[in-house]
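Down below is the structure, laid out as structure tokens.
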Amino acid sequence: MVGLQHYLILGAVLFVCGLLTILLKRNAIGILMGVELILNSANINYIAFARYSSGTYDGQIFAVFVIMLAAAEAAIGLAILVTLFRNRRTIDVADIDTLKG
35 MVGLQHYLIL
45 GAVLFVCGLL
55 TILLKRNAIG
65 ILMGVELILN
75 SANINYIAFA
85 RYSSGTYDGQ
95 IFAVFVIMLA
105 AAEAAIGLAI
115 LVTLFRNRRT
125 IDVADIDTLK
135 G
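In the numbering used here, each number is its position in the sequence shown, counted from 1, plus 34.
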């Protein structure tokens, strides 16, 4: 029987994978993928808590909002990366310092 603990463990594993990806990758696209993993771990937790606590659709509604947020973040992030690549010819975050004030 799959219980709440299994979903929480899966969410924690995804969160740690996303956090390690953000901390260890130098490529900006890899960092965006890490952010997506963290958002997906939050989605799993939302749905699991909604299923095992009240049985309502609150978790699914929050998950849809997080998916919309992730889509907007990906679109804006990729647009910024394309612009920076056109100007600097790199997407390595260590080499990109044009946004510093």
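By construction, the Cβ of each residue, glycine as well, lies at the ideal position given by its N, Cα and C atoms.
Cα-Cα separation, residue i to residue j
i, j, result
"N79", "M35", "18 Å"
"R85", "Y91", "8 Å"
"V100", "S88", "20 Å"
"I130", "L38", "42 Å"
Coarse secondary structure for residue i, derived from DSSP in three states
i, result
"D92", "helix"
Proximity of residue i and residue j at Cβ, strictly below 8 Å
i, j, result
"I81", "A105", "no"
Residue closest to residue i, alpha-carbon to alpha-carbon, out of the options
i, options, result
"G52", "M102, L118, L38 and I65", "I65"
Status (buried if at least 16 other CB within 10 Å, exposed otherwise) for residue i
i, result
"G68", "buried"
"N136", "What the structure shows of the chain is the stretch from 35 to 135, and residue 136 is not part of that stretch, so it cannot be assessed."
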